[in-house]
Amino acid sequence: QKEVEQNSGPLSVPEGAIASLNCTYSDRGSQSFFWYRQYSGKSPELIMFIYSNGDKEDGRFTAQLNKASQYVSLLIRDSQPSDSATYLCAVDSGGGADGLTFGKGTHLIIQP
Amino acid sequence: KAGVTQTPRYLIKTRGQQVTLSCSPISGHRSVSWYQQTPGQGLQFLFEYFSETQRNKGNFPGRFSGRQFSNSRSEMNVSTLELGDSALYLCASSSGTSGNYVTGELFFGEGSRLTVL
Chain B
28 QKEVEQNSGP LSVPEGAIAS LNCTYSDRGS QSFFWYRQYS GKSPELIMFI
78 YSNGDKEDGR FTAQLNKASQ YVSLLIRDSQ PSDSATYLCA VDSGGGADGL
128 TFGKGTHLII QP
Chain P
18 KAGVTQTPRY LIKTRGQQVT LSCSPISGHR SVSWYQQTPG QGLQFLFEYF
68 SETQRNKGNF PGRFSGRQFS NSRSEMNVST LELGDSALYL CASSSGTSGN
118 YVTGELFFGE GSRLTVL
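Chains B and P, in that order, give the protein sequences. Under my numbering, think of the first position of the first sequence as 28, with each following residue one higher. Under my numbering, think of the first position of the second sequence as 18, with each following residue one higher.
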């Protein structure tokens, strides 16, 4: 059973600070890793993807991947109230054969 | 560019009935995936279609089925509804061009919220 684990939160972060979201996965053969953001009552939207070990930066967002530790993280710099949402970590373990395996998400609250 | 369109947005059914949900992907996208989202289980993969063929299937019973038409529009059907089928059903499209599998770069529709009484 392929699993993706996330702390459900809520994770409360002051406005302007760095929010750090973490995710671990069980399948060592996983190849692709994704972060989706889901606002309450809305559908998920892709914000970052990462395929190789290391860091990938896109604006205020940085995705970090450590395949040896089976660990993925998302950093949000200069957090804004509009970043308040549930962040879903998703892993493609089987070349898509099993679709994406999603974690249950971390609820992030940015406090003004 | 129009996004992914799902219909209906909300529906209420009773146990034993069946339901059909529709999804129109982003123009040019040939892959359509379906996911079920519940508070307890989160997002779970149902199946994926590419060029009218089911390429991948999740661990759901045979009551859940789908199809894709030549214009890439997709439908999913749930027969003999159970209370546990109450969920948000999300359709996602992607270009699906990375070989024989769907990429994780999915674009989701707003979902169809099914309530089974």
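Using N, Cα and C, we set each Cβ at its ideal position, and we do this for glycine too.
Reduced DSSP category for P71/B - H, G, I as helix; E, B as strand; rest coil: coil
Does the segment 129–138 of chain B touch the segment 55–67 of chain P, meaning 3 or more C-beta pairs lie closer than 8 Å? yes
How is D102/P classed by DSSP in three states: helix, strand or coil? Residue state, collapsed to three classes: helix.
Say whether chain B places a C-beta atom closer than 8 Å to the C-beta of L28/P. no
contact_flag[the segment 95–108 of chain P, the segment 25–38 of chain P] where n(CB pairs < 8 Å) is 3 or more: yes
Chain P contact for L115/B (CB, 8 Å cutoff): yes
Taking Cβ-Cβ distances shorter than 9 Å, what residues in chain P pair up with G36/B? The contacting residues do not exist; G36/B stays about 14 Å from chain P at best.
Can you grab the Cα-Cα spacing for the pair I45/B / G36/B, in whole Å? 16 Å
Relative to the alpha-carbon of Y114/B, which residue among D105/B, G56/B, V99/B has its alpha-carbon at the smallest distance? V99/B
Cβ of Q85/P less than 8 Å from any chain B Cβ? no
Helix, strand or coil: how does DSSP classify S110/P here? strand
Out of E30/B, E32/B, R87/B, which has the shortest C-alpha to C-alpha gap to D105/B? R87/B
Considering Cα atoms alone, identify which of Y52/P, N88/P, S129/P, R90/P is closest to N73/P. Y52/P
Could you check what DSSP says for D85/B in three-state terms: helix, strand or coil? strand
Environment of V119/P [buried if 16+ CB atoms lie within 10 Å]: Unreliable positioning characterises V119/P in this predicted model, as indicated by a pLDDT of 49, which lies under 50. The coordinate reading is nonetheless provided below. Under this definition V119/P is a buried residue.
Would you mind stating whether V21/P and G126/P have Cβ atoms separated by less than 8 Å? A contact, by the Cβ cut-off of 8 Å.
With DSSP run on the structure shown, which of helix, strand or coil describes D110/B? helix
Would you tell me roughly how many angstroms separate the C-alpha atoms of R55/B and S39/B, rounded to the nearest one? 31 Å
Can you tell which of S68/P, E69/P, T132/P has its C-alpha closest to the C-alpha of L105/P? T132/P
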